[in-house]
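Read through the structure below, which is laid out as structure tokens, and then see the notes.
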Amino acid sequence: KTKKIWVISHVQCPVMNLMSSMPVLRSCFQVHEEQRRYFRLSEMMWRDSLSLVEEEDPHMKVSLGSSDMGVSAHLQSSKTGTTRFFTSNTHSSVVLQGFDQLRVEGLLCDVTLVPGDGDEVFPVHRAMMASASDYFKAMFTGGMKEQDLMCIKLHGVNKIGLKKIIDFIYTAKLSLNMDNLQDTLEAASFLQILPVLDFCKVFLISGVSLENCVEVGRIANTYNLTEVDKY
Numbered sequence: 001k002t003k004k005i006w007v008i009s010h011v012q013c014p015v016m017n018l019m020s021s022m023p024v025l026r027s028c029f030q031v032h033e034e035q036r037r038y039f040r041l042s043e044m045m046w047r048d049s050l051s052l053v054e055e056e057d058p059h060m061k062v063s064l065g066s067s068d069m070g071v072s073a074h075l076q077s078s079k080t081g082t083t084r085f086f087t088s089n090t091h092s093s094v095v096l097q098g099f100d101q102l103r104v105e106g107l108l109c110d111v112t113l114v115p116g117d118g119d120e121v122f123p124v125h126r127a128m129m130a131s132a133s134d135y136f137k138a139m140f141t142g143g144m145k146e147q148d149l150m151c152i153k154l155h156g157v158n159k160i161g162l163k164k165i166i167d168f169i170y171t172a173k174l175s176l177n178m179d180n181l182q183d184t185l186e187a188a189s190f191l192q193i194l195p196v197l198d199f200c201k202v203f204l205i206s207g208v209s210l211e212n213c214v215e216v217g218r219i220a221n222t223y224n225l226t227e228v229d230k231y
């Protein structure tokens, strides 16, 4: 409405109407400047209210091909600036493979495990075993006599079961069939390897049939696998 009046006056008398319109123009500019200051202040307050904001870094995909390299990055912004965090998506598996290779080559192993049913020996790393099993963690850190032994006999575990458990701890892989299932279950239960127990439950549930239901039920009762009993 103000703009329309100013244009009509300017056509009728350019000089006089321009002069008379100056207060209106100044008022408009002042209002505009105040709005700009308000928005700047609002933006500053909004930024201050953000302590930390995480978001994906789009530059990583261009500069490093993050998805192909197994690398991801995040930007973390704060009042003090921006920090770029890098994560290797393959690091844990590479470290696990490295430890397994050390085990295979017999390097840096600091304890030898012997199954209760034989004399076959399994050189391993205490740190690896303790990180995956509360049983071994208590054995190696809880002041038990085995803490200082270089060779430990595990009377509650047989050769097949112990090998399955060690292979799983070092590779995160487990192969099961009805021939090795009970040995694996016994070792996992004794050594408190919970992921292996879960895999055994899934194996039993998925493989139950009319032909083996009696055997499956017996195994489930022996190791108190209540989830399997439901099937």
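With full-length UniProt numbering, letter number 200 in the sequence shown gets 200, and the count goes up by one each step, no holes.
Cβ coordinates follow ideal geometry from the N, Cα and C atoms, glycine included.
Here the structure is a predicted model, which is why all the values come from computation and not from measurement.
Exposure label - residue i; buried when at least 16 CB within 10 Å
i: SER189; result: buried
i: PRO115; result: buried
i: GLY65; result: Confidence at GLY65 is low in this model, with a pLDDT of 47, below 50, so the placement of that residue should be treated as unreliable; the coordinate-derived value is given next. So GLY65 ends up on the exposed side.
i: VAL228; result: buried
i: PHE203; result: buried
i: LYS163; result: buried
i: LEU154; result: buried
i: GLU211; result: exposed
Cβ distance (whole Å) where residue i is taken to contact residue j below 8 Å
i: ILE193; j: SER133; result: 6 Å
i: ASN177; j: ILE160; result: No, ASN177 and ILE160 are not in contact; Cβ-Cβ is about 11 Å, not under 8 Å.
i: VAL172; j: LEU108; result: The displayed chain sequence assigns Ala, not Val, to residue 172. At roughly 20 Å, the Cβ-Cβ gap does not stay under 8 Å, so ALA172 and LEU108 are not in contact.
i: GLN103; j: TYR170; result: The sequence shown places Arg at residue 103, not Gln. Between TYR170 and ARG103 the Cβ distance is about 6 Å, and since that is below 8 Å, they are a contact.
i: LEU191; j: PHE136; result: 7 Å
i: PHE99; j: MET128; result: 6 Å
Chain-order list of residues whose beta-carbon lies under 6 Å from that of residue i (same chain, five-residue window excluded)
i: LEU225; result: LYS201
i: THR83; result: GLN76
i: GLN147; result: PHE140
i: ASP119; result: none
i: GLY92; result: According to the sequence shown, residue 92 is Ser rather than Gly. So no residue of the chain qualifies.
Same chain only: Cβ atoms within 7 Å of residue i, ignoring 5 sequence neighbours per side
i: VAL196; result: ILE165, PHE168, LEU174, THR184, ALA188
i: GLN182; result: ILE219
i: PHE86; result: VAL71, ALA73
i: THR90; result: GLY70
i: ASP110; result: HIS125, ARG126
i: SER88; result: GLY70, VAL71
i: THR80; result: none
Own chain residues within Cβ distance below 8 Å of residue i, not counting five before or after
i: THR112; result: VAL121, PHE122, PRO123, VAL124, MET150, CYS151, ILE152
i: ALA138; result: MET144
i: GLY207; result: MET178, VAL216
i: PHE199; result: LEU174, LEU176
i: ASP117; result: ASN158, LYS159
i: GLU186; result: GLY156, VAL157, ASN158, GLY161, TYR223
i: LEU52; result: For LEU52, the pLDDT reaches just 44, beneath the cut-off of 50, and the residue's location in the model is therefore unreliable, although a value from the coordinates is still provided. GLN76, SER77, SER78, listed in sequence order.
i: VAL214; result: none
i: ASN221; result: ASP229
i: GLY106; result: PRO123
Beta-bridge partners of residue i, as assigned by DSSP
i: GLY81; result: SER78
i: ALA73; result: PHE86
If we require 3 or more residues per run, which beta strand (DSSP E) segments fall completely within the UniProt domain "BTB" (109-178)?
111-115, 122-124, 151-154
- Query: Whole alpha helix (DSSP H) runs in the stretch 201-228 with 4 or more residues, listed along the chain?
  - Reply: 213-222
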